[in-house]
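The listed protein sequences derive, respectively, from chains A, B and C.
Position one of the first sequence corresponds to residue 6 (the numbering used here), numbered consecutively onward.
Position one of the second sequence corresponds to residue 8 (the numbering used here), numbered consecutively onward.
Position one of the third sequence corresponds to residue 1406 (the numbering used here), numbered consecutively onward.
Just so it is clear, CB atoms sit at the ideal spot from N, CA and C, and this is done for glycine as well.
Notes follow the structure.
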Amino acid sequence: MSAIISPIREPLITGNKNYHQITEDICAPSERTPSLAWVVAFIVAVSFLSFGVFCILWTIWFGIGTWNLNRTVGWGWDITNFVWWIGIGHAGTLISAILLLFRQKWRTGVNRAAEAMTIFAVLCAALFPGIHVGRIWVVFYFFPYPNSRGPLWVNFNSPLLWDLFAISTYFTVSLLFWYTGLVPDFATLRDRASGLRKKLYNFLSFGWTGAAKHWLRFESLSLVLAGLATPLVLSVHTIVSFDFATSVIPGWHTTIFPPYFVAGAIFSGFAMVLTLMVITRKVLKLEDYITVEHIDSMNKVILLTGTIVGVAYLTELFIAWYSGYIYEQFAFMNRVQGIYWWAYVAMMSCNVLSPQIFWSSKMRRNVTVTFMMSIFVNIGMWFERFVIIPTTLARDYLPSSWSYYSPTWVEIGIFLGTLGIFFTMYLAFTRVAPVVAIAEVKAILKSAGNQYTGEHAKHSHAAPHGAEIKAH
Amino acid sequence: MKNKEVLFGLYDDEEVLLSAVKEAKSRHLDIMDVYSPFPVHGLDPLLGLSESRLHQAGFIYGAIGTLTAFLFMTWVFTRDWPLIFGGKPYWSVPAFIPIIFELTVLFASIGMVVTYYAINGQGPGVTNPVLDDRITDDKFCIAFEVNGANESTVSSFRNFLKDSGASEIRTKTI
Amino acid sequence: MNFGADFLGTWLTPAAFASQFAKRRKIKDDKAGQMSRLVQFESNMSYTGSNADHRVLIKPSEQGLAIAKLHNAIASKVGMPSIDINGNLSNPKAEKAIATVADELMQARGKAIVLSNSNNTAEQGLVVAINQGLGNYGGTLDFNESSNLRQGIDKQMSDFINELTSGAVDAVLFIDDANPVYDHPKGKQIEEALDKLNLSVAITSMPSETQAACKFVAPTPHYLESWGDVNPSRGHYGIVQPTINPLFDTRPAVISLLTWSGQAPEVMMGDDPLYTFIKNRWEAALFIKQHKYATFQNFWDNTLQDGFTMLDEEARELSYALDITSLAGKINRLANSELEVQFYEPLGIGGGAYANNPWLQEMPDPVTRVVWDNVLHIPLKWNGSSRFEYFKDLDEDGLLVDLVIEEQKIRVPVVRQFGQMEGTVACALGYGRWATGKAGSGVGSSCYPMLKSDDDGNIQYFSTMPVVSGKADKDKRFASVQHHHTLGVTGKDESAGGATINVDEKTVMTLGYGVQGGLTKRSIFRHAASHELAESIEHLKEERAEFQHLNEQTLYPDRSEFYGMGHHWGMSVDLTACIVCAACQVACVAENNVPIVGKTEVSRHHEMTWMRIDRYYYGDVESPNVVYQPMMCQHCDNAPCENVCPVAATNHSSEGLNQMAYNRCVGTRYCANNCPYKVRRFNWLDYNAADLFPSNENDPFNENTPYYADNLTRMVLNPDVTVRSRGVIEKCSMCVQRIQEGKLTAKQEKRMLQDGDIRTACQTACPTGAITFGDMNDHGSKLNELLNDPKTYVALEETNVRSSIGYMMKVINRNEKINSEEA
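Dropping the structure here:
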């Protein structure tokens, strides 16, 4: 597909870069010694991780009774965190895959880090189904493998089992997609390195040479993986929403959950990408590659998905009233007015009200506001899952069973531990791999670099000898 | 793997590369391979490379995934050990759909990626010869194989490289 | 007509009374005409009061006055002399109620009963006079069926204590586990006096406070370890047989006494002297009284097999000669005190004898739903528009207050009690033991020292001098298994022009006022008044038809044809007959090795009981009615739990049971979340002391093993049922081990299974026959008859889970004139 690049397109790479400068800028963070900021952040992250590991071991040794879950509220912080992390992970795939299918060039500035974030977030999420079970030493029962107990297989009707397949597929496909894109960039690092580093990157780069046929297959593979990953993203969070939607509990048993969850996932995922990108671009001096344009575009997505989520909340309330079904009506009144009303308020204000600030272009392009908003959105989305899970369970059908739940230090510790895992891995990632997709950014330089397009373009995009340039 | 002697030229810009390749084709020169730091669009038809058949392979792998999931679950629930869950009939196909979809995607992805690396000759720890370290940085390369080629062939390669604007011309044994 | 006697709970022989009571409460189809009516006059919510058709609130000190007024009302109608009393009852509704009840009693002359739990001789005399006037003796009351229980006379005990403390006693033998150091108000004096005695012997089977104060203890075996005989009421004689050999070095009390007294030496020298002694006695004294068996051996063998026998006792000639006028001065007077406290015997641990039984300590009190503690019931009041007001602003259950009567003080948690009369509080006896064993020592507080005697020496179980402090502290381990108590308590809403609304629905939200119907529109519990029964049944029929129509719209074809083959187990629970003795719950715990988790875990809502008895208040906020709903796994044919278990640990059997494979359960708890009835229980911690990790396992031979881990305690386990490990879900299995046993027995006897062959533990324990288990596919079974009763409904039927348990609507027999606002 060929097209003329419009001169009024905003540039996505600033600083008048050429290919070599791109290589230098992006490889630099993994080649120089870590800054003090990195070291401090890493130590903090590792200490959270260690505390988390301790709490997990404590739980396994003594039992789920070290948490405050009870006969009525069987899931609390554990599954709230699980859904939160999975939701966060969806932005990476969305940026890589769906934006690739829609030919959005701005994805190249953030897709590598976003996909890495997906992998780490899915790992953090996958921890919870593992540790929240009462008997973790037989958690392999989840897997359908031939055994001497019949063989006894698993229950394929169960949404938790669908989760197992969905999340492992999602993790695998994301990992493959991310790694496939990383291979050429590792080759770049390999060819600049020496000694032990060269051996490491040699191993990681799989023998990439940059041959034309390989690039052809690379693009073909990327396209199909993107095409597979897109419905996969939608299906994975849909399946996670089925954990609730296929139950009979009022407030859970509703068909709005799949689109609501998917929109919410994209919402929180983009917020986490922004949180990471705003800091990364500053600390690693990558503002030329992760420009205000990128931030603006991501904020637009946040505004859109936040509004969808807000519409979903209102729809739920409306349908509860319209249905005339007393259990559903009570469940929603209870969310707004009951014992956990403060969680509902936090959810509504952080998720629905605050993103509306992004109608203003000035706010969208303000980095400080973006950073603060991204934190609010993540807090709000955490509260959304909290409202869905313990609030609904605490007061369901039979009033004699109504109960209350608030976490113990062990549960809070595990959550902090997952934050530790996530940031430890992300910080390690910034040291080992290029945070921006080098090859892909180079590929859009001629059409999106600020010397080629935008107000201050020095060169035109027209190629010599009239060769057509394909829009990317 | 026998040693290959390669004559190659490095270019600074992909547009120059494209016109060079076009020129090489018009001179009927047999290019061994073209290397670049990023995929250059327009290069593949010029080189006469056909579309990758990874898509078709992916479809087949996916279909295998679909059938595997569907048939396995059907067998488990109707033949091997039928159990009643929630009053559902044994063959509750709507409940199978999520796993069928996931396995389709999983098989397609893993299959395609493994195939991709296999046909590329790449994999963990594989080392392929690199003509120049800057190819993965900012240089583009057209390479000709000159194993035991006669002088005139080699000089026609060299002339072409010079004419088409290569900034460096070198040989290497890989 | 009952003045406070808790005959369905703890008064005399509640199991027998319950069974008899239920016979006149159960209704077949819609024929409510023969139903009895119970009107209870009391201040606190007793177990019997919660089952009454009406509760009329009177203070403990005015019970005498109320009885006297009733007496005079009856006396004037039957021509007996009246008693000279004046004064009015503090509750005007009570005055009117007495008049109404008197009329009703007159209409039911000869078929009524008037009871009182008063320990005042004069008041009981008046009750006798009332029953006499109504002609109940010879009809509903019969002296020839007198009970031999509770024959102690308070005055004699009081005299004994005086002798003991004055040094006039040389030696004391306490037999039959008597424990006055704990359960007599002057227990402290007894303890101090015993210390000075040279010889004090406790002949007891359990450690106790009295035994600790005695110089010698002669341990007796448990009654299940030795022979014995009983004579609980006139004409009933029973033989107690041992079920196991004595576990420890103990000697039956009879043998101890025979040894010390030197009697029956030839019996004592033989083997099994106790058995011989009893058998000889029966031959000598009882064989002659019966006419059924010709030889003593026949008589003995048959009685052993039956367990009891009925012998003819001579009918006693009794005449009535009571001088009413002398009683007037002796009845209790209404005290004009700010506060009165009623002490009562709780259902679980009784007067304290069973305090060391963890099953009973963890059995939630049916009214308060509290475990492992006694509480102070405090009154609450609807403020007329927006919220409840609580005694001394104690707005949370579990707040600790000090209850002080003269020099005695205890610190107890409060429970806000619906139906507690304003100006009164109540507290349970039986707690606060200190020398009873690992489980019961230090649980709760003892109220016994607070009891006082009247002029006749009778202990009075109420006080007019209590002082209750405000909030002193909070019990962080306060353990209650239920936190929401009402399903439609009505009161007037002044802010809505005095309309009658469900005040609990208005107050259930933290912000705002909820919605009317938010609780009562749920299809959990249905009730009807007997005089409107036909309409209620009609209404139920329409609702069920609508639900069933909705339930037919399914994605998958249903399996009713499949379940129509073979057996399809189900259960019927009659809410009218359930009087919440909670025997079913304890039976389930015993049968199924359900672990006891202790107070702290229950306070975290980790109780493990498979069966619970939900208690809801409904009706007038001042004196509500109560319904008890035994809730166990409903064995839903469209079980939501089965769908969601990822490892296939729970599925449905072809006989309609929801099965649970403990060794497959990984413990994701999705099934528990998805259960609309919340009947699944998770083993949060290692409750059975059977940890999997070797370094966590307990050595069963170690002296310091935790409770449940030693070999002796583990003898309590039922070998037919698995013990579950930490991290698995468990729930009611409809006693599948009994089902299998029944099938096996039938198979061995080469016959078909018959209705009644298989009885679940809960069904076996229920004294009123409220629970019936059976095969839905057996068309002649009792179960089917009950399930087809028009009063039967399914809880949460519209969720289409297809529960196998049918509940029969609770029917109460109300006279709307009692407790009404109008004159």
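Item: According to the Cβ coordinates, are ALA192 of chain A and SER210 of chain A closer than 8 Å?; Value: yes
Item: Using only alpha-carbon positions, find the residue among C:ASP1434, C:ASP1435, C:THR1418 and C:SER1441 that is nearest to ALA1427 of chain C.; Value: C:SER1441
Item: Quick one: what's PRO478 of chain A bridged to in DSSP?; Value: Shown here, chain A extends from 6 to 477; a query on residue 478 of chain A therefore has no answer.
Item: Return the Cβ separation of VAL1830 of chain C and LEU1765 of chain C in integer angstroms, given the expectation that the two are a contact with Cβ distance under 8 Å.; Value: About 24 Å separates the two Cβ atoms, so there is no contact after all.
Item: Three or more C-beta pairs under 8 Å: does that hold for the region 158-166 of chain A against the region 106-113 of chain A?; Value: no
Item: If you measure between the beta carbons of SER1448 of chain C and GLN1887 of chain C, is that distance less than 8 Å?; Value: no
Item: Does DSSP put ASN1553 of chain C in a helix, in a strand, or in coil?; Value: coil
Item: Would you report the Cα separation of PRO2045 of chain C and SER1885 of chain C, rounded to the nearest angstrom?; Value: 28 Å
Item: Against chain A, does GLY1530 of chain C count as a neighbour if the rule is that its beta carbon must be under 8 Å from one of theirs?; Value: no
Item: Please classify LYS447 of chain A: is it buried, with 16 or more other beta-carbons within 10 angstroms of its beta-carbon, or exposed?; Value: buried
Item: Using 10 angstroms around the beta-carbon of ILE244 of chain A, count the other beta-carbons present and answer buried if the total reaches 16, otherwise exposed.; Value: buried
Item: With DSSP collapsed to three states, give me the class of GLU152 of chain B.; Value: strand
Item: With burial defined as no fewer than 16 other Cβ atoms inside 10 Å of the residue's Cβ, what is the status of MET352 of chain A: buried or exposed?; Value: buried
Item: Who pairs with ASP1878 of chain C in a beta bridge, going by DSSP?; Value: C:LEU1805
Item: So for GLY1757 of chain C, helix, strand or coil by DSSP?; Value: coil
Item: Is it buried or exposed, ASN10 of chain B, if we count other Cβ atoms within 10 angstroms and call 16 or more buried?; Value: exposed
Item: Just checking my contact of ALA119 of chain A with VAL278 of chain A at CB under 8 Å: how many whole Å lie between their CB atoms?; Value: 5 Å
Item: Please report whether the beta-carbon of LEU165 of chain A lies at a distance below 8 Å from any beta-carbon of chain C.; Value: yes
Item: Run through the region 1970-2044 of chain C for me and flag every whole beta strand (DSSP E) of 3 or more residues, listed as ranges in chain order.; Value: 1974-1979, 2017-2025 and 2030-2036
Item: Please confirm whether MET2213 of chain C and LYS2187 of chain C have their CB atoms less than 8 Å apart.; Value: no
Item: Using a Cβ-Cβ cutoff of less than 8 Å, which residues in the same chain neighbour ASP1435 of chain C once the five nearest sequence positions on both sides are dropped?; Value: LEU1938, ALA1939, ILE1942, PRO2195 and LYS2196
Item: Beta-carbon within less than 6 Å of ALA1457 of chain C's beta-carbon, same chain only, minus the 5 sequence neighbours each way: which residues are those?; Value: LEU1443 and GLN1445
Item: Which residues, in order along the region 1912-1943 of chain C, keep a beta-carbon less than 7 Å from a beta-carbon of chain A?; Value: MET1914, THR1915, LEU1916, GLY1917, GLY1919, VAL1920, GLY1922, GLY1923, LEU1924, LYS1926, ARG1927 and ILE1929
Item: Answer with yes or no whether the minimum CB distance from ILE142 of chain B to chain A is below 8 Å.; Value: yes
Item: Any idea if GLN1990 of chain C is buried or exposed, counting beta-carbon neighbours within 10 angstroms, 16 or more meaning buried?; Value: buried
Item: Just reading off the beta strand (DSSP E) that ASN2063 of chain C is part of, what are its end residues?; Value: 2063-2065
Item: Within 8 Å (strictly less), CB to CB, does GLY128 of chain B reach chain A?; Value: yes
Item: Who are ALA1833 of chain C's beta bridge partners in DSSP?; Value: C:TYR1749
Item: By Cβ distance, which residues of its chain are closer than 6 Å to ARG1361 of chain C, with the 5 residues on each side in sequence left out?; Value: Nothing about residue 1361 of chain C can be reported from this structure: the residues present for chain C run from 1406 to 2228 only.
Item: According to a CB-to-CB cut-off of less than 7 Å, which residues of the region 69-95 of chain A neighbour chain C?; Value: ILE69, GLY70, ASN73, ASN75, ARG76, THR77, GLY79 and TRP80
Item: What does ALA1420 of chain C reach in chain A if we use C-beta pairs closer than 8 Å?; Value: Simply none; closest approach about 25 Å.
Item: I'd like to know whether the C-beta atoms of ASN86 of chain A and THR423 of chain A end up nearer to each other than 8 Å.; Value: yes
Item: Can you check whether the CB of PHE114 of chain B is closer than 8 Å to the CB of GLY72 of chain B?; Value: yes
Item: Please return the same chain residues whose Cβ sits closer than 7 Å to the Cβ of GLY1675 of chain C, not counting the five positions on each side in sequence.; Value: THR1681
Item: So is VAL1820 of chain C buried or exposed if we call it buried at 16+ other beta carbons inside 10 Å?; Value: buried
Item: Looking at chain C, which residues of the region 229-261 of chain A have a Cβ within less than 8 Å of any of its Cβ atoms?; Value: ASP248, THR251, SER252, VAL253 and ILE254
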